[in-house]
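Colleague: The listed protein sequences derive, respectively, from chains Z and S. Numbering of the first sequence is given in the working numbering, commencing with residue 47 and proceeding in unit increments. Numbering of the second sequence is given in the working numbering, commencing with residue 12 and proceeding in unit increments. After the structure tokens below, expect a handful of questions from me.
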Amino acid sequence: GEDVEQSLFLSVREGDSSVINCTYTDSSSTYLYWYKQEPGAGLQLLTYIFSNMDMKQDQRLTVLLNKKDKHLSLRIADTQTGDSAIYFCAESSDNAGNMLTFGGGTRLMVKP
Amino acid sequence: KAGVTQTPRYLIKTRGQQVTLSCSPISGHRSVSWYQQTPGQGLQFLFEYFSETQRNKGNFPGRFSGRQFSNSRSEMNVSTLELGDSALYLCASSPGQGPHEQYFGPGTRLTVT
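Following this line, the structure appears as structure tokens:
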């Protein structure tokens, strides 16, 4: 099946930038998403990018998509302790309705 | 606009029992998808409903079933519960038929003893 991979863990200092990376295998991916999950909570949609875009910026968040390398990244500027959470990337494709394939999640720890 | 709601939030069941979970999507959204989240397997797609029809199904046994009503509310049922069914069950709603942004509910935490 299609695969989405993420590194497990990232630790940064408060105020620094965080970059969370994701690779995917499905060349027919239409949308790529970033979700945030805090302990005991559901998934919060942070941002998404259509596959024909290279970049999307939304306040402190910047998404970069390299379609050739099937690589997606999420940059969080001025990372705060409240950004500590698990971040999931996910993809969906035209031939699979709204089915999302998720990566395993990256745990971001922000140290004061 | 109210978000996706799921009931109940927590459930404890015994092996062999069955359980029904409910999801109310965001108003106007016609697609509801269900996911199972476990520490070992991560987030796995169960099924998706659009206009009362199941459009996609993940790789789960037939003990897992679902349905969608005319008001887009959805239920999922798990029969003959096993210990391994203990998980956070998440539902997501989306406006339409193709890939779109999807919004998740808070989940139902099911514990099977």
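Just so you know, even glycine gets a beta-carbon here, dropped at the ideal spot from N, CA and C. Quick caveat: nothing in here was measured; it's all calculated off a predicted structure.
1. Considering only C-alpha positions, which residue in the set S:N88, S:L101, S:G95 and S:L99 is nearest to G73 of chain S?
2. Identify each residue in the region 98-113 of chain Z for which the Cβ-Cβ distance to at least one residue of chain S is less than 9 Å, and report them in chain order.
3. Look at the alpha carbon of Q29 of chain S and the alpha carbon of S62 of chain S, and state the distance between them as a whole number of angstroms.
4. If you scan the region 97-135 of chain Z from start to end, which runs of the alpha helix (DSSP H) of 4 or more residues do you find wholly inside it?
5. According to the neighbour-count rule (16 or more other Cβ atoms, all chains shown, within 10 Å of its Cβ), is V43 of chain S buried or exposed?
6. What beta strand (DSSP E) runs, 3 residues minimum, are completely inside the region 47-81 of chain S?
7. Please confirm if P148 of chain Z has its CB atom under 7 Å from at least one CB of chain S.
8. Which chain Z residues are close to E112 of chain S, counting only those with a beta carbon under 8 Å from its beta carbon?
9. If you measure beta-carbon to beta-carbon, which residues of the region 12-39 of chain S are closer than 7 Å to chain Z?
10. Which chain S residues are close to F134 of chain Z, counting only those with a beta carbon under 9 Å from its beta carbon?
11. Can you list, in chain order, the residues of its chain whose CB lies under 7 Å from that of D62 of chain Z, leaving out five sequence neighbours each side?
12. Any idea if V156 of chain Z is buried or exposed, counting beta-carbon neighbours within 10 angstroms, 16 or more meaning buried?
13. Indicate the three-state DSSP secondary structure (helix, strand or coil) for L94 of chain S in the structure shown.
14. Based on Cα-Cα distance, which residue from S:N82, S:R78, S:L54 and S:T16 lies nearest to L99 of chain S?
15. Once the 5 residues before and after S90 of chain S are set aside, which same chain residues still bring their CB inside 6 Å of it?
16. In terms of residues, what are the limits of the beta strand (DSSP E) holding R153 of chain Z?
17. Establish whether the CB of N88 of chain S and some CB of chain Z are separated by less than 7 Å.
18. How is the beta strand (DSSP E) around N141 of chain Z delimited, first residue to last?
19. Span of the beta strand (DSSP E) holding V15 of chain S?
20. Ordered along the chain, which non-local residues of its own chain (more than five positions away) have a Cβ less than 6 Å from that of R120 of chain S?
21. DSSP puts R120 of chain S in a beta bridge; with which residues?
22. Under 9 Å between beta-carbons, which chain S residues line up against M155 of chain Z? List them in chain order, please.
Modeller: The short version:
1. S:N88
2. none
3. 25 Å
4. none
5. buried
6. 53-61, 64-68 and 75-79
7. Contrary to the premise, residue 148 of chain Z reads as Phe rather than Pro in this sequence. Chain S, which has a Cβ nearer than 7 Å to the Cβ of F148 of chain Z, makes this yes.
8. Y77, Y79, L91 and Y94
9. none
10. G53 and L54
11. T125
12. buried
13. helix
14. S:L54
15. Q29 and R74
16. T152 to K157
17. no
18. Unbroken run through N141 of chain Z: none, as it is neither H nor E.
19. V15 of chain S -> no beta strand (DSSP E), and no H or E assigned at all.
20. Y21 and L99
21. S:Y21 and S:L99
22. Per Cβ cutoff of 9 Å: no residues; M155 of chain Z is ~18 Å from chain S at best.
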